[in-house]
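Protein chains in written order, with the numbering used here: chain P, 100 to 273; chain E, 1376 to 1578.
The beta-carbon is built from N, C-alpha and C at its ideal position, and this holds for glycine as well.
Keep in mind the model is a prediction, meaning the values are calculated, not measured.
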């Protein structure tokens, strides 16, 4: 599992200022093209609603949260679901070209495989549930909402970082 | 006149590919790099986010005063204070425990990380759980502290947009200044080699 990538030398990450400028331009392009910003948890939402509609159509239509979302058909194939497919392609291309693709269970050596798997699962559940409460996650609400100067985005980011700093002192996640 | 309001497949794929490419190149596919922000020894998350926010916000403002972008045409998150605070706290806790947020976990999987795939399973389970528990309590949480005046700082607190941009630029400079100071004192940011090697064993 821990075989190093022998094909390409590992290239350094972009300096944060460069990555930030490029990310800002990508976000600006997204606003200009689509009228809204980037996102991520929205794709999980569309996936749950769309798959739910296929597997358990009656329960999904009757659900107070998902019902209104599937009233006009399946949200699979929405802009957000295609965007996440794009994120996967872009990240794979970036990692491969820079010699940074490596199959591993990251955190196995620091906290142990079992502990790492439990923590990442619990972390995902918390983030998925929290993103539905807020109506977005770090990218959709935090990044995109802040660029649109939304009050909610800065409240989200403040609580996101404050809680993250406290919890990371109590639990060693990775 | 922008925006084009193009919500088709090509628009989504294009924005997503660029987003994923930047996330990976910033180092945000690595949970070690990401969670180092909370330990204050790597400020890349703050630095990249604040820079991107300033660039995009300034760009939107310039397009608007240049007459290229329709006023009030860009999606702004609803100013639901309680939901943003509680949701932000839960996503932050999930980030600290799991090492990712929903977007960066996709970058994690596609740079080869199995733990990121498990994180995504969790995100989907959390989303389904929210829908399952959606009732009076969650409904009132989402509606609590809703600001009626509007959603942006300009609408709610009458802060002119150029002033907001100035505040953000000042915050950006502060993030870079204090962030780099912390990084120097705490052994520097996580390098690509360290990130690819995975989280190091605890000494």
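DSSP three-state call for residue 1576/E: helix, strand or coil?
-> coil
Considering only the beta carbon of each residue, do residue 165/P and residue 190/P sit closer than 8 Å?
-> Not a contact, by the Cβ cut-off of 8 Å.
Counting only beta-carbon atoms, is residue 1499/E nearer than 8 Å to chain P?
-> So yes, residue 1499/E belongs to the interface.
Using a Cβ cut-off of 8 Å (strictly closer), state whether residue 203/P contacts chain E.
-> yes
Is it buried or exposed for residue 1538/E, if we count other Cβ within 10 angstroms and need 16 for buried?
-> exposed
What residues in its chain sit with their C-beta under 8 Å from that of residue 1486/E, if we drop five residues either side in the sequence?
-> 1399, 1404 and 1405
Return no unless some Cβ of chain E is closer than 8 Å to the Cβ of residue 231/P.
-> Interface with chain E (8 Å Cβ-Cβ cutoff): residue 231/P is included.
Could you please give me the residues that DSSP links to residue 1488/E through a beta bridge?
-> 203/P
Closest Cβ-Cβ distance between residue 1553/E and chain P: below 8 Å?
-> no
For residue 222/P versus residue 1469/E, is the C-beta distance shorter than 8 Å?
-> yes
State the CB to CB distance for the pair residue 242/P and residue 1427/E, rounded to an integer number of angstroms; the pair is presumed to be in contact (CB under 8 Å).
-> 6 Å
Give the straight-line distance between the Cα atoms of residue 57/P and residue 1439/E, rounded to the nearest whole angstrom.
-> The structure shown has nothing for residue 57/P, since chain P only spans 100 to 273.
Among 1551/E, 1393/E and 1407/E, which residue has its Cα nearest to the Cα of residue 126/P?
-> 1393/E
Of all the CB atoms in chain E, is at least one closer than 8 Å to the CB of residue 107/P?
-> no
Straight-line gap, residue 110/P to residue 1436/E (C-alpha atoms, nearest Å) = 35 Å
According to the neighbour-count rule (16 or more other Cβ atoms, all chains shown, within 10 Å of its Cβ), is residue 1542/E buried or exposed?
-> exposed
Per DSSP, which residues does residue 249/P bridge with? Please list them.
-> BP columns for residue 249/P point to 1527/E.
Please name the residues in the segment 171–192 of chain P whose beta-carbon is closer than 9 Å to at least one beta-carbon of chain E, in chain order.
-> 176, 177, 178, 179, 180, 181, 182, 183, 184, 185, 186, 187, 188, 189, 190, 191 and 192
Using the C-alpha atoms, what's the distance from residue 257/P back to residue 1500/E?
-> 25 Å
Are residue 253/P and residue 1402/E close, meaning C-beta to C-beta below 8 Å?
-> no
Buried or exposed (CB count within 10 angstroms, at least 16 for buried), residue 233/P = buried
Nearest-angstrom Cβ-Cβ length linking residue 260/P and residue 1467/E, presumed shorter than 8 Å | 6 Å
Return helix, strand or coil for residue 1509/E, following the three-state DSSP convention.
-> coil
Inter-residue CB distance, residue 1509/E and residue 163/P (contact presumed, cutoff 8 Å) = The pair is a contact, with the Cβ atoms about 5 Å apart (cut-off 8 Å).
What residues match up with residue 1521/E in a beta bridge as DSSP calls it?
-> 1455/E
For the alpha helix (DSSP H) that residue 1537/E lies in, which residues bound it at each end?
-> 1536–1560
Would you call the segment 138–146 of chain P and the segment 1470–1478 of chain E in contact, with 3 or more CB pairs under 8 Å?
-> yes
Less than 8 Å separating the beta-carbons of residue 1547/E and residue 1425/E?
-> A contact, by the Cβ cut-off of 8 Å.
Using the C-alpha atoms, what's the distance from residue 1574/E back to residue 170/P?
-> 45 Å
Report buried or exposed for residue 1562/E, applying the criterion of at least 16 other Cβ atoms within 10 angstroms of its Cβ.
-> exposed
Just mark residue 1462/E as buried or exposed, buried being the case when its beta carbon has 16 or more other beta carbons within 10 Å.
-> buried
Chain E contact for residue 169/P (CB, 8 Å cutoff) = no
Name, please, each residue of chain P whose Cβ falls closer than 7 Å to the Cβ of residue 1382/E.
-> 133 and 178
Could you tell me whether the Cβ atoms of residue 250/P and residue 1421/E are closer together than 8 Å?
-> no
Is it the case that the CB of residue 179/P approaches a heavy atom of the ligand FMN more closely than 7 Å?
-> Of the ligands one can find in the structure shown there are none, so the ligand FMN has no counterpart to examine.
As assigned by DSSP and simplified to three states, the class of residue 165/P = In the structure shown, residue 165/P sits in coil (DSSP, three-state: anything other than H, G, I, E or B).
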